[in-house]
Amino acid sequence: MPSDQTAQQSHKICEERESFLQQEISKLEQQIAEISDQHRVEYTKLQQELQTFQQHQMSDEIQRVNIEQQLKADYEKKLKGKIQQLEEQIKRAEDHNLEMARNMNFEKQQREKSDKKLQELHQAMDIKEQTLFEEVLHWIEEHNNRTRSLQEIFKENLEGANSHEKVKFETLCQLCDTLMEDLQVQRFVCSICKIKKKDCAFQPCGHYQACAACADHILTTTRVCPVCNRHLTNVMKIYE
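Per UniProt numbering, residue 1 is the first one in the sequence shown, and the count goes up by one each step.
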């Protein structure tokens, strides 16, 4: 009997211990469940926060990329516009240079033609001038000879003439002397002012027509020879 009681007591103790352990297990399971629920809530919250952060980050990244793309597109557009503008400027400059080259070539050809015509004209004028000069010299010489002949005739006639005829012949001699003086003066008086003695020749044409004052005035103003209209570079003093 005592052994039976002991067995019963042991059994009871085991049952109580088992019941206690089950209660503890239930408590632990409940705690674990509560902890799991809390962790699940926190995990869900963290997951939502992470998702929200990722969405914001993605939105910011998309916005940044869009801004970069827009800036890049604007810069490329501006750069292309600048390149196009420079290309147009270069094209205009090339066209302008080409046109200038054509104009310069045309002007050169025209200038060469003008120079050639001017040279031919100067040569023709020089020939005409030389011819005219020779004719004038011949005319002056002829008139000088005629005047000398008249003077000699007058002097011869004066010897046998009466007083009235002497006065007449003397008057004619004076007229001849005056004519001789005029012819001589015309060869030495400035053709510009008609007053001073001519003493300067124009260069390069060589026309001997003016006094120093008139020559200097022409050289500092028109710079054109009054005889042949050639451009003047200098005047040369003539001593005679």
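Note that beta-carbon positions come from the ideal geometry of N, C-alpha and C, so glycine has one too.
Name the DSSP bridge partner or partners of residue i?
i, result
"histidine 231", "Val224"
"valine 65", "Paired residues: none, contrary to the question."
"tyrosine 208", "Ala201"
"lysine 237", "Cys200"
Under three-state DSSP, which class holds residue i?
i, result
"tyrosine 43", "helix"
"cysteine 200", "strand"
"glutamine 184", "With a pLDDT of 49 at glutamine 184, under the threshold of 50, the predicted position of this residue should be treated as unreliable, and no value is reported."
Quick test of your reading: residue i and residue j, contact by CB under 8 Å. State the CB separation rounded to the nearest angstrom.
i, j, result
"threonine 233", "glutamine 209", "At roughly 16 Å, the Cβ-Cβ gap does not stay under 8 Å, so threonine 233 and glutamine 209 are not in contact."
"cysteine 200", "lysine 237", "6 Å"
"cysteine 214", "cysteine 193", "5 Å"
"lysine 198", "cysteine 190", "5 Å"
Starting from the C-beta of residue i, find all residues in its chain whose C-beta is less than 7 Å away, skip the five residues before and the five after it, and write them out in chain order.
i, result
"glutamate 76", "none"
"leucine 219", "Leu232, Val235"
"arginine 223", "His231, Leu232"
"histidine 39", "none"
"cysteine 14", "none"
"tyrosine 239", "none"
"asparagine 66", "none"
Output needed for residue i: all residues of its chain with C-beta closer than 6 Å, excluding positions within five of it in sequence on either side, in chain order.
i, result
"histidine 207", "Cys225, Val227"
So, at 8 Å on beta carbons, what are the nonlocal neighbours of residue i in its own chain, with the 5 sequence-adjacent residues on each side left out?
i, result
"glutamine 184", "Here the model assigns glutamine 184 a pLDDT of 49, short of 50, so the residue's position is not dependable, and the following value carries that caveat. Cβ neighbours of glutamine 184 beyond the five flanking positions: none."
"residue 244", "An answer regarding residue 244 cannot be provided, because it is not within the stretch 1 to 240 covered by the chain."
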